[in-house]
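Below you'll find the structure, written out as structure tokens, and then a few comments.
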Amino acid sequence: MFKSVPSTVFVILLLLSSACTKEEYVIDENFSVPGLEPSLAIPLANTDFGLGELIMPLGLEDEVINEPGTQMALMFRERLFEIGLEDLVQLPPLEVEESYVADAITAAVFNATLEGADIPISESYNLPFDFENGEQLDSIRLGDSNLSIELQSSFRHDLSITLTIPEMLTPTGEMFSTQFQLDYTGDVPVMNAVDIDVSDHLLDFSAPDNENELNILADFIVTHSGEMTNAGDSVYFELALSSNSIRSAYGFLGQFTGIAEIDTQRVDVFENIDAENIYFADPAIELDLFNSSGIPMEIDFTSLFAPTNSITQLITGGALEDIPVVLGAITPGTTALTEHRIDNSNTDPSLSDMLSEGPVDLIYTAAGETNPEGFSHNFILDTSKVSCDATVILPLYGAVDGYRFADTLDVDLSTDLGLGEEGMLTIDDIESVQIRIIADNGLPIDTRMQLVFLDSLQQASDSLFMGQSDVPVLLSGIVDHNLPETHPDHGRVVAARRSVTDVILTPSRLEELTEGGVKYLVIKIVGSTSEGNSGEMVRFYPEDRLAVQVSAKIETEIDISE
């Protein structure tokens, strides 16, 4: 950004200067040219940058709206939360214990039966799922799931048992059925246990009279062993369906209110802005809520909290709670988008009041409910997500006080001014050095500027302006406040304003700087909007520029006889 002029330029300027005069320019003891006094202007550094380049040190160049003719804005986007299927639908554990018990009549029938004869017995059991949120499901496709069955018989006969679940379909669409054999060998109880992988099985509750229920049909075939049957002899079984995941679910998935999110969002832009006060007149937070499930949801941000603020710490109600119902996707594989904007018009205290304190952290609390308007036909897949992206837009329209910016350039005063062993001048040849700063300020901010000299270790050795009262103020560009505030050009710079500042360095001060080994020059800028305190806002555009030229004018007293 800054350019240093090498010593060769100084030499060329020195050799080609023909307009220089000196009262007495001594060539040797016997020759002099009266009235010759050289006066040279040497460019030391210059910079010319637009506002977009001023924003770059913030590390937000990819998040700045920077289009010619368009008001600039800082914009950054973050994902606030993401809710998956496991947060919205969970299959309750299904554990059941059932039995068949022979009464006295049945025992008498068994005892009257010949050895080796088969006696069929059929029983059915109804197993409802205990959903808690009013779910009325049509179907569930199981993910990683297991069906555990344990059987125990006190009959002194062989048993063949078939368990059928009509509502459970295999991946190929067949009704689930499994068989067990309990062989009597002289001791009771006779036991058997099995674990069955039912992953990708479908639970079909679509029958009109089904209320989220599984029906288990148990068919027992008792092969008479010749031993007696007693009243109270039984077949007992335990069944447990456990599912670690669900691949899909269809139907009314209930009204679930347990969705809550509390998180902290880092606002890096405020951490990087070095300013005493900054006011964004028209900030906004745009929420994009994506829903790839078929479940409509109501999501409210119950509060927005800025813990580091001293005045406006909390915003509640208003736009935070008036978010439209998040639409569900129409069909699997699609995503519904619901948009909502939070700005000064729908917040109290205003969003500007909160953001003007420069909160580094914003803590938000969100709560949600599924199917807020009651019954609807839903679907959800294991890939379904409900997510919220927040785009914070900070148009560069407002006021700022004490904005700080600095840039460092390499300099070598001795070389640039042609001093020292390799130069053509010494300190003794110089009467004074005049440093001139010409600034063309096309920014809508008044700017105070300081030049700081650093040594090779980048330690400050001196500054150009000795006291605060001596620091020049570069008045802002000419700003148009005559247009209505609603006009896009209200508060915009219409012309740059030039400032010229001269500083005289005595030979002794110049000697301190050169002998101090000055290797760097830091240009420090502190900017403020001049009429911000009176409520006048300004706008920043990419075309707004600040150009600074730093040059030196040397008054010399040279005796060429030496």
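Using our numbering, read the sequence shown as starting at 864 and increasing by one per residue.
All C-beta atoms, glycine included, are put in the ideal place defined by N, C-alpha and C.
A quick note: this is a predicted structure, and the numbers were derived from the prediction, not measured.
- Between D1292 and T1419, the gap from beta carbon to beta carbon is short of 7 Å.
- The segment 1374–1394 and the segment 1235–1253 do not touch, with fewer than 3 CB-CB distances between them shorter than 8 Å.
- In the three-state DSSP reduction, F1133 falls in the helix class (H, G or I).
- With a threshold of 16 other beta carbon atoms within 10 Å, F1119 meets it and is buried.
- The Cβ atoms of S1391 and D1303 do not sit closer than 7 Å to each other.
- In this structure, the CA atom of P983 is about 9 Å from the CA atom of T1086.
- When rounded, the separation of the alpha-carbon atoms in L1272 and D1325 is 15 Å.
- When C-alpha distances from L1183 are compared across T1201, Q1176, L948, F1164, the shortest belongs to F1164.
- Counting C-beta pairs closer than 8 Å gives fewer than three between the segment 1051–1061 and the segment 933–942, which falls short of the contact rule.
- With fewer than 16 neighbouring CB atoms inside 10 Å of its own CB, A975 falls in the exposed class.
- Apart from the 5 residues on each side of it in sequence, G1114 sits with its Cβ closer than 6 Å to the Cβ of Q999, L1000, D1001 in its chain, given in chain order.
- Taking D1007 as the centre and dropping the five residues before and after it, the same chain places the C-beta of S1062, N1107, S1108 closer than 6 Å to its C-beta, in chain order.
- N989 is positioned such that its CB atom lies closer than 7 Å to that of N1078.
- Residue pairing by DSSP puts N989 in a beta bridge opposite N1078.
- CA-CA distance, V1274 to L1409, rounds to 21 Å.
- A direct Cα-Cα distance of roughly 8 Å separates I1341 from G1305.
- Positions of the alpha helix (DSSP H) runs, each at least 4 residues long and wholly inside the segment 1366–1412, are given as 1370–1378 in order along the chain.
- The three-state secondary structure of S1326, taken from DSSP, is strand.
- For the pair L1152 and S1111, the Cα-to-Cα distance works out to about 21 Å.
- Apart from sequence neighbours up to five positions away, the residues of its chain that approach D1318 with a beta-carbon distance below 7 Å are S1324, G1379, G1380, V1381, K1382, ordered along the chain.
- In this structure, the straight-line span from the alpha carbon of S1155 to that of S987 is close to 39 Å.
- Across the set S1339, I1193, V1296, the C-alpha of V1296 shows the shortest separation from the C-alpha of D1365.
- Collapsing the DSSP output to three states places A967 in a helix.
- No residue range can be given for M1091, since it is assigned to no alpha helix (DSSP H) and is classified by DSSP as neither H nor E.
- For S1277, the enclosing alpha helix (DSSP H) covers residues 1276–1279.
- Pairing V1098 with S1016 gives a Cβ-Cβ distance under 7 Å.
- In the DSSP assignment, A1415 is bridged to I905, I1298.
- Uninterrupted alpha helix (DSSP H) stretches at least 4 residues long and entirely within the segment 1166–1197 do not occur.
- If you look at M1217, you'll find it in the alpha helix (DSSP H) that goes 1214–1218.
- Closest in alpha carbon position to D966, among R1004, M1054, F1018, is F1018.
- The three-state reading of DSSP puts E1232 in strand, counting E and B together.
- Rounded to whole angstroms, M1038 and L1005 show a C-alpha spacing of 15 Å.
- Going by DSSP, D1270 is part of no alpha helix (DSSP H) but of the beta strand (DSSP E) stretching over 1266–1273.
- The three-state secondary structure of G915, taken from DSSP, is helix.
- Among the bridge pairs identified by DSSP, P983 is matched with I1084.
- Around the CB of M1054, fewer than 16 other CB atoms lie within 10 Å, so the residue is classed as exposed.
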